[in-house]
Each structure stands twice: as structure tokens, then as C-alpha cells.
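So the structure is just underneath, and the comments pick up after that.
Number of protein chains: 2
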Amino acid sequence: MNNDTSIKDVMDKAIKQARKTMNENVGGPFGAAIIDHEGKIISVASNSVLKDHDPTAHAEINAIRAAGEKLGNHDLTGCTLVTTAYPCPMCLGAIIWSNIKHVIYGCRPKDADEIGFRDDFIYRFIRDEHPDKKVLNLDESFREQCLVLFKEYQEKEKTLY
Amino acid sequence: MNNDTSIKDVMDKAIKQARKTMNENVGGPFGAAIIDHEGKIISVASNSVLKDHDPTAHAEINAIRAAGEKLGNHDLTGCTLVTTAYPCPMCLGAIIWSNIKHVIYGCRPKDADEIGFRDDFIYRFIRDEHPDKKVLNLDESFREQCLVLFKEYQEKEKTLY
Chain A
1 MNNDTSIKDV
11 MDKAIKQARK
21 TMNENVGGPF
31 GAAIIDHEGK
41 IISVASNSVL
51 KDHDPTAHAE
61 INAIRAAGEK
71 LGNHDLTGCT
81 LVTTAYPCPM
91 CLGAIIWSNI
101 KHVIYGCRPK
111 DADEIGFRDD
121 FIYRFIRDEH
131 PDKKVLNLDE
141 SFREQCLVLF
151 KEYQEKEKTL
161 Y
Chain B
1 MNNDTSIKDV
11 MDKAIKQARK
21 TMNENVGGPF
31 GAAIIDHEGK
41 IISVASNSVL
51 KDHDPTAHAE
61 INAIRAAGEK
71 LGNHDLTGCT
81 LVTTAYPCPM
91 CLGAIIWSNI
101 KHVIYGCRPK
111 DADEIGFRDD
121 FIYRFIRDEH
131 PDKKVLNLDE
141 SFREQCLVLF
151 KEYQEKEKTL
161 Y
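This is how it looks when you write it as C-alpha cells:
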């Protein structure tokens with residue numbers, strides 16, 4: 001789908017959905033939609049963190065979940081995600097895992113920062129070689145026990161191929 | 001909870017859950033558990049990407065969603081996440097959004113890479129100043145329309161405080 005008018009229609013749907021749920025206190029002012037390679041809308045979703053008590057329920061994550069369920073496939077290759085704001089690292093990770101290769105976004109990370117959302121802060125944490133331990137401490141423990149699980153997975157996969 | 005034996009019990013539960021669902025082809029070999037500040041287990045979960053057709057259904061995300069639902073709160077301040085492997089960027093983002101400040105992990109990113117999972121590849125994409133466009137293209141469009149939504153949110157928040 002390269003037609004700007006059509007992408008505008010998709011973005012309008014994402015904005016409309018975000019506005020609706022924001023005003024119902026379901027979640028923040030964020031909407032997203034997923035279209036397939038023909039431009040057909042697969043899912044439209046918005047942030048539902050507050051209503052669902054789910055810190056992962058960002059618009060992009062909800063749209064990806066809904067699309068996976070609708071298509072019966074965790075692989076969304078060929079789809080495009082249209083979102084009202086640049087994805088946070090969580091959502092960017094989800095997009096890459098889903099094999100979506102094209103994102104069209106409205107607002108910039110600094111725009112979200114200006115209305116109180118921490119996207120930029122999480123990007124800085126991930127990009128920093130010595131990230132702030134006040135944000136998060138990551139400690140390694142019981143690696144050997146967990147590696148046993150990984151080895152079992154490798155053996156299992158070997159029997160499949 | 002600083003007792004190593006107790007953390008080992010929690011990790012064992014995460015490993016056991018991961019082994020079970022891995023062998024049922026529910027998802028990859030990953031498990032996670034969330035404990036509260038007293039060491040009480042709030043949730044235990046594993047990867048269910050394949051069964052749920054959900055690319056976001058990593059063990060950590062599933063554990064966070066289950067904990068949020070159980071506690072009736074998207075804010076998991078004071079909780080610790082115990083996971084069989086170092087979180088991918090999606091899960092790390094989810095952990096920071098949830099306000100969890102302590103993660104105990106088993107396997108390293110390179111261990112996951114060695115059994116075919118792309119965690120490290122996604123970290124490289126996020127950290128790179130000029131990320132590979134074959135992985136993902138991000139294009140800005142309709143920012144002005146989306147900023148209207150952000151302004152509405154600001155006005156709405158002003159009336160609350």
C-alpha cells in the first residue's frame with residue numbers, strides 16, 4: 001500500500017480508536033493498526049494498560065496480538081504497522097519478533113516524552129553500556145540449570161529436522 | 001528475598017514450567033516467575049508464542065501480564081522477576097514499564113543466540129545509530145494529526161490534577 005490517502009485512512013482509524021479509549025480511561029493516547037500487503041486492515045487497537053492492569057498492553061502490542069489471533073499465525077511477514085507514535089523499545093522488539101518490516105509512525109519519541117511517557121528513557125537504558133542501576137538491576141544466577149533446558153531444546157529440535 | 005535456596009526454588013518452578021510447555025510445543029524453552037517483596041510467588045509463566053499465535057507471548061511478558069491481572073495493578077513496584085534467560089529488548093522494556101527493579105536471569109543472550117533465538121540481533125538493531133533497513137523501516141507520517149491527540153491528552157490530564 002503506497003497510496004498516501006489510504007495510509008491516512010488507516011492512521012485516522014488508529015487515532016479515532018486511541019481517542020475513544022483515552023477518553024474512557026482505558027489507557028494512554030496511543031493507537032495502532034496493522035495492514036496486510038494489499039493494504040487490508042487486519043487489526044486496529046489502542047493502549048489498554050489501565051483497564052487491563054497490563055503494563056504490556058500498548059497499542060502496537062495489542063494490534064500485533066489481535067493480528068496474530070486473526071491470522072492464526074505469530075508470523076506477520078508482509079504486514080505494515082501504522083501507529084500514532086514512534087514505538088517504545090518493548091513495541092519495537094515485538095514488531096521485529098513478528099517479522100513486520102515497515103512501520104509508519106506519527107509522533108516522535110520526544111513528543112511522547114513531552115506529555116510524560118518514558119519511551120526515550122527506556123531507549124537510553126538499553127543503549128547505555130553502563131545502564132543506571134536505579135532503573136533496573138540484572139543479576140545472573142543458576143545459569144547451568146537453565147542451560148540444561150536449552151540443551152533439551154536443541155535435542156528436541158534435532159529430532160524434528 | 002535474599003535467600004539463594006528460595007530463589008533457586010523459584011527458578012526451578014520457572015524451568016519446570018518452561019520444560020512442560022516446550023515439550024507440548026506451546027513455545028520456546030523459556031520460563032519466568034514474579035515474586036513480591038516478601039518472596040511470595042505472584043505468577044509463573046512460560047513462552048506460548050506458538051500455541052497463542054502471539055509473537056509477544058514470551059515468558060516474561062506472560063508472567064508480567066498474569067501478575068498485573070492477579071494484583072489488579074499495572075504497577076509491579078517491589079516485585080522481582082526470575083527468568084531462565086536474559087530478557088530480550090521487548091521483555092526488558094516491559095519490565096521497566098512495570099516498575100520491576102530487579103531481574104535474576106539464568107542463560108546469557110549469547111546462549112539464546114546459540115540455540116537460534118534472535119535476542120542479540122534485536123539489541124544490535126536498537127543500539128545501532130544506523131540500524132539495518134532490511135530488518136525494519138520506520139517512516140514518519142501524519143505527525144500533526146497525531147500531535148492533536150497528544151494535546152487532547154494534556155488538556156484531559158490538566159483537568160484531573
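First to last, the sequence lines map onto chains A and B.
Position 103, counted from 1, in the first sequence is what the working numbering calls 103; the numbers after and before it change by one each time, with no gaps.
Position 120, counted from 1, in the second sequence is what the working numbering calls 120; the numbers after and before it change by one each time, with no gaps.
Glycine residues also receive a C-beta, built at the ideal position from the N, C-alpha and C atoms.
Requested in this report: Examine chain B for any beta-carbon lying closer than 8 angstroms to the beta-carbon of residue 1/A, and answer yes or no.
Outcome: The pLDDT assigned to residue 1/A is 48, lower than 50, so where the model puts this residue is not dependable, and the model offers no usable value.
Query raised in the report: Between residue 99/B and residue 80/B, which are expected to be in contact by the criterion C-beta below 8 angstroms, what is the C-beta distance as a whole number of angstroms?
Result: Rounded, the Cβ-Cβ distance is 12 angstroms, inconsistent with contact.
Query - Pairwise C-alpha distance: residue 86/B and residue 140/A - result: Residue 86/B has its alpha-carbon roughly 8 angstroms from the corresponding atom of residue 140/A.
**Report entry** First and last residue of the uninterrupted alpha helix (DSSP H) at residue 68/B
**Finding:** 59-71
Query - Beta-bridge partners of residue 139/A, as assigned by DSSP - result: 104/B
Query raised in the report: Who are the near neighbours of residue 172/A in its chain, counting only those whose CB is closer than 6 angstroms to its CB and skipping five residues on each side?
Result: Lying outside 1 to 161, the shown extent of chain A, residue 172/A is not represented and no answer is given.
Report task. Taking the CB atoms as reference points, tell me whether residue 11/A and residue 103/A lie closer together than 8 angstroms. Result -> no
Query - Beta-carbon contacts of residue 55/A that lie in its chain and below 8 angstroms, excluding the five residues immediately before and after - result: 49
Report task. Spell out a yes or no on whether the region 143-153 of chain B and the region 28-38 of chain A are touching, meaning 3 or more CB-CB pairs, one atom from each, closer than 8 angstroms. Result -> yes
**Report entry** Partners in chain B for residue 18/A, counting only beta-carbon separations shorter than 7 angstroms
**Finding:** 149
Report task. Identify which residue in 149/B, 13/B, 108/B and 159/B has its Cα closest to the Cα of residue 35/B. Result -> 13/B
Requested in this report: Below 6 angstroms CB to CB, which residues in the same chain sit around residue 109/B once its five sequence neighbours on both sides are set aside?
Outcome: Take residue 109/B, set aside five residues on each side of it, and the residues of its chain with a beta-carbon closer than 6 angstroms to its own are 86, 119 and 120, in chain order.
Requested in this report: Taking residue 41/B as part of the beta strand (DSSP E), name the residues at either end of that continuous run.
Outcome: Looking at the DSSP string, the run of the beta strand (DSSP E) that includes residue 41/B is 41-46.
Query raised in the report: The alpha helix (DSSP H) with residue 50/B in it runs from where to where?
Result: 49-52
Query raised in the report: If you drop the 5 nearest sequence neighbours on each side, which residues of the same chain put their C-beta closer than 6 angstroms to that of residue 17/A?
Result: 31, 44 and 46
Query raised in the report: What is the residue span of the beta strand (DSSP E) that residue 76/B lies within?
Result: Where residue 76/B is concerned, there is no enclosing beta strand (DSSP E), given that its DSSP letter is neither H nor E.
Query raised in the report: Within the 8 angstroms Cβ cut-off, does residue 103/A reach chain B?
Result: yes
**Report entry** Residue environment, residue 129/A, which counts as buried when at least 16 other CB atoms sit within 10 Å
**Finding:** exposed
Query raised in the report: Can you tell which of 38/A, 125/A and 91/A has the C-alpha that lies nearest to the C-alpha of residue 63/A?
Result: 91/A
Report task. Whole angstroms is fine: what's the gap from residue 1/A's alpha carbon to residue 157/B's? Result -> In this prediction, residue 1/A scores a pLDDT of 48, lower than 50, which makes its location untrustworthy; the coordinate-derived value is nonetheless stated afterwards. Looking at the two C-alpha atoms, the distance is approximately 36 angstroms.
**Report entry** Interface flag, residue 6/A vs chain B, CB-CB below 8 angstroms
**Finding:** Cβ-Cβ to chain B under 8 angstroms: no for residue 6/A.
Requested in this report: Spell out whether any CB of chain B is found under 8 angstroms from the CB atom of residue 55/A.
Outcome: yes
**Report entry** Nearest residue (CA-CA) to residue 58/B, options 135/B, 38/B, 144/B and 93/B
**Finding:** 93/B
Query raised in the report: Between which two residues does the beta strand (DSSP E) harbouring residue 35/A extend?
Result: 31-35
Query raised in the report: Taking any Cβ of chain B, which residues in the region 60-85 of chain A have a Cβ under 8 angstroms from it, in chain order?
Result: Within the region 60-85 of chain A, the qualifying residues are 61, 64, 65, 68, 69, 71, 72, 73, 74, 75, 76, 84 and 85.
Report task. Kindly indicate which three-state DSSP category residue 84/A falls into: helix, strand or coil? Result -> strand
Requested in this report: Could you say which of 138/A, 107/A and 144/A lies nearest to residue 145/B if we only look at CA atoms?
Outcome: 107/A
Query raised in the report: If you count every other CB in all the chains shown that lies within 10 Å of the CB of residue 72/A, and 16 or more means buried, which is it?
Result: exposed
Report task. Throw me the rounded Cβ distance for the residue 149/B and residue 19/A pair, which I believe falls under 8 angstroms. Result -> 6 angstroms
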